[in-house]
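Visitor: Mind having a look at this structure? Questions to follow.
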């Protein structure tokens, strides 16, 4: 199996780096830092090079290699997947590096998939010997249980992609397969609740959330889903009650902070979102620009709202363009943040109805 040091050394010795106008200075400074074993410094310089020249895959590949050296396997894989999505398979080495990272993460099913892909694309490549050695490990040890778990992980990832792309009905059978193997996968349980709701199966969605909370009391995703579901159905009083519960939660994990902010903004808790904006670690998060802009607008910080909405637009947020137009026209009731698209039409119920799906 390839060691991390071998991966970084080989990419340095086997990849020919041409001269680039933008980002080139920081890239070569990063190489110098890498050669001096100053890995953290090298990573910062490569990140700067990537930011200045985002379309250059070699910069990202080198950054990914250094991140592997630093033990940041998941972040390394994020970059490598971006390269594959943008450039298809023009850089087969990405598959090998992903496989190597997946081994360190214990994701052997994914590792086998990517090392097999690398060997198919580049049978005479720079890492072919290491790739064959890695592939042989999977032949010697079938790892049945691990394979099932990795297949489940793969299904969950694909289901999440389908949800984000709006192919909700296709996600449901994949999520059910995941839960057959991992019934306590709360993220998958919550994604299934979301899928039920978005396909018009509201009662199933609420039942699923209740089931999650009975087994995992205080589950953040379930509480978030319930708040959003009530809001979408027009039960604003009930949504606000769950909003008050959510306001008391201070997540530790970065992704949970983002999810909670999206939900609070979705249900109109703009003052709370504006307060949490003071967490400077969140100000660089592109997915929050639109959210923060809407919150700032409704608490009276219009200038900040416009600046943030422009940032969201520059990052390809198409909904932000429409929202910006509404802001400029002063149509405050139409300035909102929505984190959910549904296949079925919204069942907009009046707020004073005596019962909600949770009773």
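In this note's numbering, the protein residues as written are 651 to 1009.
Note that CB positions come from ideal geometry on N, CA and C, so glycine has one too.
Just so we're clear, the structure is a prediction, and the values are computed from it rather than from any experiment.
Which residues mark the beginning and the end of the alpha helix (DSSP H) in which residue 893 is found?
Guide: Here residue 893 refers to the residue found at position 243 when the chain shown is read from its first residue. Element bounds for residue 893: 886 to 897.
Visitor: Alpha carbon to alpha carbon, how far is residue 774 from residue 906? Give it in angstroms, no decimals.
Guide: Walking along the chain shown from the start, residue 906 turns up at place 256. Walking along the chain shown from the start, residue 774 turns up at place 124. About 43 Å.
Visitor: Go through the region 765 to 846 residue by residue and report every complete run of the alpha helix (DSSP H) that reaches 4 residues or more, in order.
Guide: 778 to 790, 794 to 815 and 818 to 831
Visitor: So residue 707 and residue 737 are in contact, right, with Cβ under 8 Å, and what is the actual spacing, rounded?
Guide: Sequence index remark: in the chain shown, residue 707 carries index 57 (1-based). Sequence index remark: in the chain shown, residue 737 carries index 87 (1-based). The Cβ separation is near 6 Å, so the contact holds.
Visitor: Taking its Cβ as the centre, do 16 or more other Cβ atoms sit within 10 Å of residue 868, making it buried, or is it exposed?
Guide: Mapped onto the chain shown, residue 868 falls at position 218. Residue 868 should be labelled exposed.
Visitor: Terminal residues of the continuous alpha helix (DSSP H) containing residue 902?
Guide: Looking up residue 902 in the chain shown gives position 252. Counting along the chain, residue 902 falls outside any alpha helix (DSSP H), and DSSP gives it neither H nor E.
Visitor: Taking Cβ positions, are residue 940 and residue 969 nearer each other than 8 Å?
Guide: Your numbering for residue 940 matches position 290 in the chain shown. Your numbering for residue 969 matches position 319 in the chain shown. Taking 8 Å as the Cβ cut-off, residue 940 and residue 969 qualify as a contacting pair.
Visitor: DSSP three-state label for residue 987, please.
Guide: Against the chain shown, residue 987 aligns to sequence position 337. Three-state DSSP puts residue 987 in coil, outside helix and strand.
Visitor: How far does the alpha helix (DSSP H) with residue 751 in it extend, from its first residue to its last?
Guide: Translated into positions along the chain shown, residue 751 becomes position 101. Where residue 751 is concerned, the enclosing alpha helix (DSSP H) stretches over 743 to 755.
Visitor: When you compare only the Cα positions, how much space is there between residue 978 and residue 943?
Guide: Taking the first residue of the chain shown as position 1, residue 978 is located at position 328. Taking the first residue of the chain shown as position 1, residue 943 is located at position 293. So the alpha carbons of these two residues sit roughly 13 Å apart.
Visitor: Quick check: the Cα distance between residue 884 and residue 864, rounded to an integer number of angstroms?
Guide: The residue given as residue 884 occupies position 234 in the chain shown. The residue given as residue 864 occupies position 214 in the chain shown. In a straight line, the C-alpha of residue 884 is about 25 Å away from that of residue 864.
Visitor: Thinking C-beta only, is residue 962 closer than 8 Å to residue 945?
Guide: Numbered from its first residue, the chain shown carries residue 945 at position 295. Numbered from its first residue, the chain shown carries residue 962 at position 312. Not in contact: residue 945 and residue 962 (Cβ atoms no closer than 8 Å).
Visitor: Between the Cα of residue 771 and the Cα atoms of 751, 761 and 744, which residue gives the shortest distance?
Guide: As a position in the chain shown, residue 771 is number 121, starting the count at 1. The candidate whose alpha carbon is nearest that of residue 771 is 744.
Visitor: Excluding five sequence neighbours on each side, which residues of the same chain lie with their C-beta closer than 7 Å to the C-beta of residue 709?
Guide: Within the chain shown, residue 709 is the residue found at index 59, counting from 1. Cβ-Cβ distances below 7 Å link residue 709 to 673, 677, 696, 699, 700 and 703 in the same chain, with the five nearest sequence neighbours on each side left out; the list follows chain order.
Visitor: Distance check for residue 817 and residue 808, CA to CA, integer angstroms please.
Guide: Along the chain shown, read from residue 1 onward, the residue named residue 808 stands at position 158. Along the chain shown, read from residue 1 onward, the residue named residue 817 stands at position 167. Going by the C-alpha atoms only, they are around 11 Å apart.
Visitor: Whole angstroms are fine: how far does the CA of residue 914 sit from the CA of residue 933?
Guide: For the purposes of this step, residue 933 is taken as residue 283 along the chain shown, with counting starting at 1. For the purposes of this step, residue 914 is taken as residue 264 along the chain shown, with counting starting at 1. Using only the alpha carbons, I get a separation of about 16 Å.
Visitor: In or out: residue 814 buried (at least 16 other Cβ within 10 Å) or exposed?
Guide: As a position in the chain shown, residue 814 is number 164, starting the count at 1. The residue in question, residue 814, is exposed, as its Cβ has fewer than 16 Cβ neighbours within 10 Å.
Visitor: With 16 other CB atoms within 10 Å as the buried threshold, where does residue 671 fall?
Guide: As a first step, residue 671 must be located in the chain shown, where it is residue number 21. Here residue 671 scores only 48 on pLDDT, less than 50, and its place in the model is too uncertain to base an answer on.
Visitor: Inspect the beta-carbon positions of residue 729 and residue 713 and report whether they are closer than 8 Å.
Guide: As a first step, residue 729 is located in the chain shown; it is residue number 79 there, counting from the start. As a first step, residue 713 is located in the chain shown; it is residue number 63 there, counting from the start. Yes. Within cutoff.
Visitor: With a threshold of 7 Å on Cβ separation, who are the neighbours of residue 921 within its own chain once the five nearest residues in sequence on each side are excluded?
Guide: Here the question's residue 921 lines up with position 271 in the chain shown. Once the five neighbours on either side are set aside, the close Cβ partners of residue 921 are 949.
Visitor: Does DSSP put residue 701 in a helix, a strand or coil?
Guide: Residue mapping note: residue 701 aligns to position 51 of the chain shown, counting from 1. In the structure shown, residue 701 sits in a helix (DSSP, three-state: H, G or I).
Visitor: Taking 7 Å as the limit between beta carbons, can you name the residues of its chain near residue 987, skipping five residues before and five after?
Guide: Here residue 987 corresponds to residue number 337 of the chain shown, with the count starting at 1. Cβ neighbours of residue 987 beyond the five flanking positions: 915, 916, 940, 941 and 944.
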